[in-house]
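For the sequence shown, UniProt numbering assigns the number 1 to the initial residue and increments by one for each residue that follows.
Inspection log for the structure reproduced underneath, given as C-alpha cells.
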Amino acid sequence: MLADTLASLQPIDKTIADRVLAHLNRLTKPPGSLGRLESLAVTLATITGEAFPRVTPPGVLVFAADHGVAAEGVSAFPQAVTGQMVANFLAGGAAINVFARQIGARLEVIDVGVAAELPGQAPEFVDEKVRFGTANFVERDAMTRAEAERAVEVGIRAAKRAIEGGCRCLIVGEMGIANTTASSALLAVLTGEPVANLIGPGTGIPESRLSHKQAIIERAIRARAPDRQDPMDMLAKLGGLEIAAMTGAYLGGASRRLPLLVDGFIATVAALLACRLNPVVRDYLIFAHRSSEPGHVKALVALGGEPLLDLELRLGEGTGAALAFPLLTAATGMLADMATFEAAGVAGGEGT
Ligand SMILES: Cc1cc2ncn([C@H]3O[C@H](COP(=O)(O)O)[C@@H](O)[C@H]3O)c2cc1C
Ligand SMILES: O=C(O)c1cccnc1
Numbered sequence: 001m002l003a004d005t006l007a008s009l010q011p012i013d014k015t016i017a018d019r020v021l022a023h024l025n026r027l028t029k030p031p032g033s034l035g036r037l038e039s040l041a042v043t044l045a046t047i048t049g050e051a052f053p054r055v056t057p058p059g060v061l062v063f064a065a066d067h068g069v070a071a072e073g074v075s076a077f078p079q080a081v082t083g084q085m086v087a088n089f090l091a092g093g094a095a096i097n098v099f100a101r102q103i104g105a106r107l108e109v110i111d112v113g114v115a116a117e118l119p120g121q122a123p124e125f126v127d128e129k130v131r132f133g134t135a136n137f138v139e140r141d142a143m144t145r146a147e148a149e150r151a152v153e154v155g156i157r158a159a160k161r162a163i164e165g166g167c168r169c170l171i172v173g174e175m176g177i178a179n180t181t182a183s184s185a186l187l188a189v190l191t192g193e194p195v196a197n198l199i200g201p202g203t204g205i206p207e208s209r210l211s212h213k214q215a216i217i218e219r220a221i222r223a224r225a226p227d228r229q230d231p232m233d234m235l236a237k238l239g240g241l242e243i244a245a246m247t248g249a250y251l252g253g254a255s256r257r258l259p260l261l262v263d264g265f266i267a268t269v270a271a272l273l274a275c276r277l278n279p280v281v282r283d284y285l286i287f288a289h290r291s292s293e294p295g296h297v298k299a300l301v302a303l304g305g306e307p308l309l310d311l312e313l314r315l316g317e318g319t320g321a322a323l324a325f326p327l328l329t330a331a332t333g334m335l336a337d338m339a340t341f342e343a344a345g346v347a348g349g350e351g352t
C-alpha cells in the first residue's frame, strides 16, 4: 500500500493558476490587496485542480502513541498522560476538540501505539495499535522497519477514510509524551542541523534540563546511526509510531489531491519525512502556524514553508492548523462569492 501510494502521487495543476489570478483581478478590490489570501486561493486551486475549490468539511486526524525515550526524563509530564489525553479527546474536552468543533471538522483519534489498553468505545476512536509504545531509542531501535511501515500505512488508511467520508482538507495532529525529543532527533538527521539548535522545552521542561535532553538525542543518533537517505530507516530507529502515521496521512492526502494544513513542530517533521519519501508532497502542504518550539523554524526552512499565523502556540494535537483553517474558507469564499467590477458596476482602476 505504501509503494502504491508513493507511486500514485501526481504533481499539482499549475495551469489553473493563471485563470484564478485573472478572476481574482476582476473582483471588487485593488489587485493583490487581499495579499496572502490571494496566493492562498491560487494554491488551493492548484492543489485541488478546481478554479473554485471547496475545503469544507475539514478532517482532523489525531494520532496517539508512546515513546520509550520518555523513561529518560525528557518531558515535563509522565508517559501515562498520552493515554489519559486520548480519553480526553474522546470525551471532547481537549483543545483540539474545542477548535475542531468551531470549524465543523470531523475528528478521528487513532491509537497507533499508546502503551496502555484503551477502552475505545467512542465512534471517533480507531484502534490501529502497532505496538505498545516504541522502545527507548537510546538503548535500541525505536521499532522495526516493518512496524514503521505498518504505522505509515495506518496514516494512509486514516487519510483515505477521511476523504471517503467527504473531507476536503486534512489537519493532522498528534499526542505522544516525549515526541518533541523524537522529532528533534529525526530533524537533526534530516537536516544535519546541530541538536542544540533544534531542542526546546516541549511540554515545559526547565532550562536546566535542556542540556540533558540534548545529550540523550545526541547519544541516540550516534548509537542508532540511521541512514540519512532513508526516511523509513530514520523512522524505525528514532521515530515515533504517531510520527510515522502522520507521514502516511500526508502521503495519503496528497495522493487524493487534498490540501494538507500542517500544524506545529511534530507535524512539520512528519511532513518533511513525507517529502523525503516523495518530493511531490511539498506542493500539497500549507503551513498553518509557527510553533514556539525552536526546531520548528528549522523544519519550516527545510521545506521552504511560510506559515500563516504566529500565535506562540506550542501544543500540537493539530490545534494551530484548526485555528488557521478559517483563513482557507476566507480564501475560497473570496473566490466564489465576491462580486466582479463588472457585476457590481464598480469602475476598475489601473491594472484591473
Ligand atoms: C496535557 C497535555 C496535552 C497535550 N497535547 C499535546 N501535547 C504535546 O506535548 C507532547 C510533547 O511534548 P514533550 O516532548 O515535552 O512530552 C506531545 O504529546 C504533544 O502532542 C500535550 C502535552 C500535555 C502534557
Ligand atoms: O509545535 C508542536 O507541535 C509542539 C510543541 C510542543 C509540544 N508539543 C507539540
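A virtual CB, placed ideally from N, CA and C, is assigned to each residue, including glycine.
| Boundaries (first-last residue) of the alpha helix (DSSP H) holding M1 | No alpha helix (DSSP H) contains M1, which DSSP labels as neither H nor E.
| In DSSP terms, what A64 is bridged to | D111, M175
| field | Contacting residues, own chain, Cβ-Cβ under 8 Å from D141 (five flanking each side not counted) | value | A135, R224, A236, K237
| task | Quick one: residues in its chain with C-beta nearer than 7 Å to the C-beta of M338, no 5 flanking neighbours on either side, listed in chain order? | result | L27, T28
| said: Tell me the residue span of the alpha helix (DSSP H) that contains F77. | reply: That residue, F77, is in no alpha helix (DSSP H); it is neither H nor E in DSSP.
| message | Closer than 8 Å to a non-hydrogen atom of ligand 2 - does that hold for the CB of residue 353? | response | The shown model of the chain, from 1 to 352, leaves out residue 353, and the question about it has no answer.
| Near T5, what residues of its chain come up, given a Cβ to Cβ distance below 7 Å and the 5 sequence neighbours on each side ignored? | I156, L251, G252, S255
| request: Would you mind giving the Cβ-Cβ distance between P30 and G345, rounded to the nearest angstrom? I have them listed as a contact below 8 Å. | output: Their Cβ separation, rounded to whole angstroms, is 17 Å, which puts P30 and G345 out of contact at 8 Å.
| said: Does I286 come out as helix, strand or coil in the three-state DSSP assignment? | reply: strand
| field | Ranges of the beta strand (DSSP E) found wholly within the segment 116 to 190, counting only runs of at least 3 | value | 125 to 127, 169 to 175
| With R219 and V138 assumed to form a contact (beta carbons below 8 Å), what rounded beta-carbon distance in angstroms separates them? | 6 Å
| said: Whole angstroms are fine: how far does the CA of A321 sit from the CA of R168? | reply: 14 Å
| field | Proximity of L90 and V109 at Cβ, strictly below 9 Å | value | yes
| Is A267 closer than 9 Å to G200 when the C-beta atoms are compared? | no
| How is G320 classed by DSSP in three states: helix, strand or coil? | helix
| Option in G120, G318, D18 with minimal Cα separation from G176 | G318
| task | Output the distance between the C-alpha atoms of L311 and H289, rounded to the nearest integer angstrom. | result | 7 Å
| query | In three-state DSSP terms, what is G304? | reply | coil
| Beta carbon of T247 nearer than 9 Å to that of P53 | no
| Contact test: N179 Cβ vs ligand 2 heavy atom, cutoff 8 Å | yes
| Which stretch, first to last residue, makes up the beta strand (DSSP E) that contains V262? | 260 to 262
| Are V280 and L9 closer than 9 Å when you measure CB to CB? | yes
| request: Excluding the 5 residues preceding and the 5 following L327 in the sequence, name in chain order all residues of the same chain whose CB lies nearer than 6 Å to its CB. | output: L308
| said: Taking the alpha carbon of L241 as the reference point, which residue from G35, N179, A76, Q79 has its own alpha carbon closest? | reply: N179
| said: Tell me which residues share the same chain as V55 and place their Cβ nearer than 7 Å to its Cβ, disregarding the 5 neighbours each side in the sequence. | reply: L44, R168, C169, P259, L328, T329, T332
| message | With the cut-off set at 9 Å, would you say L190 and M234 are in Cβ contact? | response | yes
| query | Does the beta-carbon distance from F325 to L303 come in below 9 Å? | reply | no
| said: Are there any heavy atoms of ligand 2 lying less than 8 Å away from the beta-carbon of T82, as far as the coordinates show? | reply: no
| request: For the alpha helix (DSSP H) containing F341, list its first residue and its last residue. | output: 341 to 344
| request: Go through the segment 201 to 279 residue by residue and report every complete run of the alpha helix (DSSP H) that reaches 4 residues or more, in order. | output: 207 to 224, 231 to 238, 241 to 255, 265 to 277
| query | What did DSSP end up calling R36 once you bin it into helix, strand or coil? | reply | helix
| request: Given a cut-off of 9 Å, decide if A122 and V61 are closer than it, judged by their beta-carbon atoms. | output: For the sequence presented, residue 61 should be read as Leu rather than Val. No, they are not a contact pair.
| said: If contacts are defined as beta-carbon pairs under 8 Å, then A148 and A244 qualify, I think. What distance do you get, rounded to the angstrom? | reply: 5 Å
| said: Counting C-beta neighbours from all protein chains within 10 Å, is the total for D111 16 or more, i.e. buried, or is it exposed? | reply: buried
| said: On the criterion of 16 or more Cβ atoms from any shown chain inside 10 Å, does S75 qualify as buried, or is it exposed? | reply: buried
| Between L198 and G305, is the Cβ-Cβ spacing less than 9 Å? | no
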